[in-house]
Amino acid sequence: MFGGGTPELYAESYPDKRNIPRMDFLVLFFLYLALVLLGFVMICVGSKTHYLQGLISRGAQVIFSYIIPECLQRAVLRVLHYLFHTRNYTFVILHLILQGMVYTEYTWEIFGLCQQLEFSLYYLFLPYLLLIVNLVFFTLSCVTDPGTITKANELLFLQVYEFDEVMFPKNVRCPTCDLRKPARSKHCSVCNRCVHRFDHHCVWVNNCVGAWNTRYFLSYLLTLTASAATMAVVSTVFLVRLVVMSDVYLQTYVDDLGHLQVVDTVFLVQYLFLTFPRIVFLVGFVVVLSFLLGGYLCFSLYLAAINQTTNEWYKGSRAWCQHCPHMARPPAAEPQAYRNIHSHGLWSNLREIFLPATARYERKKK
Ligand SMILES: [Zn+2]
Ligand SMILES: [Zn+2]
């Protein structure tokens with residue numbers, strides 16, 4: 096329908112661009128959305144799941160071995176190793192650049208246009224307020240000790256949680272740190288340390304998420320989701336209000352075959368895309384981001400509510416897996432499924448995360 100026609104509305108607004116094949120913009124936009132989605136899913140999931148990392152790495156190796164020379168393959172693997180298996184600030188910087196770009200576009204274009212359309216200032220300043228709070232929790236997540244186990248605090252941590260003898264057996268030493276492993280702890284290979292109540296290593300904050308910073312990480316995730324969602328709502332409401340005020344949807348245009356057509360949704364999206372390309376790209380980005388972050392936030396809050404870490408949730412489904420030597424069931428033992436023994440009710444579980452007892456003890460000692 097939009098193959099190459101010159102609708103009156105479009106031609107009036109952009110007389111010098113009337114021959115642009117407009118369907119291409121929509122395809123480009125959906126391709127962009129798909130790439131944003133794919134990129135986030137790959138980074139978020141790939142950075143957490145060793146299985147997926149292995150799968151991606153093996154798949155990439157097969158593809159690369161046919162196309163790319165061996166020296167370049169080794170360079171790519173070195174870069175991947177640096178990005179995901181060593182502590183570095185790449186994703187922290189990428190995070191700040193993306194956030195900076197979104198807020199620059201918001202300040203530069205959307206804020207002024209929304210003011211012209213008489214949006215409430217409280218409404219327009221909300222994303223800035225969320226940004227400040229978010230940056231505070233982001234910094235705290237990055238710099239707070241997640242609960243590093245040392246010779247000095249090893250005994251304290253050993254008393255905090257009960258050993259379930261399935262996922263966390265008693266009297267196990269970390270082969271790298273040579274410290275006794277408290278229940279719910281794990282050695283982070285990226286940071287090279289054992290962390291108490293280990294949740295996961297997050298590349299976006301370049302730190303482990305553990306007993307002492309899960310509260311900051313959850314607050315960071317909550318404010319980041321809220322700021323993306325607020326920006327998505329403000330930008331979408333702006334575009335909708337603009338369409339309603341301009342009466343574009345009441346107009347008609349002439350299609351490729353010379354027929355008079357009523358403006359429909361696809362035409363409107365196309366029209367907005369050509370009039371405000373940066374804003375439409377921003378809306379696409381923040382909407383996808385809001386859904387992804389919202390989904391991950393719900394999952395994290397669910398785990399917090401049932402007092403389970405991401406590490407336990409991941410290992411729980413693999414308990415007694417015969418392929419994993421550390422979990423292999425002794426031949427004589429009865430099959431025993433992992434059972435979460437640390438949940439003591441919603442409020443108690445949340446208090447444990449937001450007011451960790453061991454953090455208070457450490458502070459008193461200092
Ligand atoms: Zn260790
Ligand atoms: Zn770590």
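Each position in the sequence shown, counted from 1, maps to that position plus 95 in our numbering.
Every residue, glycine too, gets a C-beta built ideally from N, C-alpha and C.
The structure presented is a predicted model; accordingly, all values stated were derived computationally and were not measured.
Legend entry - Three-pair Cβ contact test at 8 Å for the region 223-238 versus the region 312-326: yes
Inset, instruction - Have a look at P270, P372, L384, A399 and flag the residue whose alpha-carbon is nearest the alpha-carbon of F124. - result: P372
Legend entry - Residues passing the C-beta test against ligand 1 heavy atoms, cut-off 5 Å: C269, T271, C272, H282, C289
Inset, instruction - Could you pull out every unbroken beta strand (DSSP E) segment of at least 3 residues lying fully inside the region 315-387, listed in chain order? - result: For the region 315-387, whole beta strand (DSSP E) runs of length 3 or above, ordered along the chain, are 347-349, 355-357.
Legend entry - Close beta carbons around W307, own chain, < 7 Å, minus the five adjacent residues each side: T239, D240, P241, G242, P451, A454
Inset, instruction - With hydrogens ignored, establish whether the beta-carbon of V187 is closer than 7 Å to any heavy atom of ligand 4. - result: As for ligand 4, it is missing from this structure, which binds only ligand 1 and ligand 2.
Legend entry - Which residues DSSP lists as bridging K281, in chain order: V290
Legend entry - Rounded separation between S53 and F362 - CA only: Since the first residue shown for the chain is 96 and the last is 461, residue 53 is missing from the structure and cannot be characterised.
Inset, instruction - Indicate whether the contact test is met: 3 or more Cβ pairs, each with one atom in the region 177-185 and one in the region 218-235, closer than 8 Å. - result: no
Legend entry - Any non-hydrogen atom of ligand 2 within 7 Å of H296 CB: Yes, the Cβ of H296 comes within 7 Å of a heavy atom of ligand 2.
Inset, instruction - Report the rounded CA-to-CA distance for K246 versus P277, giving the unit in angstroms. - result: 12 Å
Inset, instruction - Note down the Cα distance separating R310 from L441, rounded to an integer number of angstroms. - result: 15 Å
Inset, instruction - Report yes if the CB atom of L208 is closer than 8 Å to the CB atom of F333, and no otherwise. - result: yes
Inset, instruction - Just mark D279 as buried or exposed, buried being the case when its beta carbon has 16 or more other beta carbons within 10 Å. - result: According to the sequence provided, residue 279 is Arg. The question's Asp does not apply to it. Residue environment for R279: buried (at least 16 other C-beta atoms within 10 angstroms of its C-beta).
Legend entry - Any 3 or more C-beta pairs closer than 8 Å across the region 339-348 and the region 320-329: no
Inset, instruction - Tell me, to the nearest whole angstrom, how far the beta carbon of F376 is from that of Y127; I am working on the premise that it is less than 8 Å. - result: Right, their Cβ atoms sit about 7 Å apart.
Legend entry - Cα-Cα separation between L167 and G154, rounded to whole angstroms: 16 Å
Inset, instruction - Report whether the distance from the Cβ of V285 to the nearest heavy atom of ligand 2 is below 7 Å. - result: yes
Inset, instruction - Determine the extent of the alpha helix (DSSP H) in which I237 is found, giving its start and end residues. - result: According to the sequence as given, residue 237 is Cys; it is not Ile. It spans 216-238 - the alpha helix (DSSP H) in which C237 sits, taken as one unbroken run.
Legend entry - C303: CB within 7 Å of a non-hydrogen atom of ligand 2: The answer is yes for C303.
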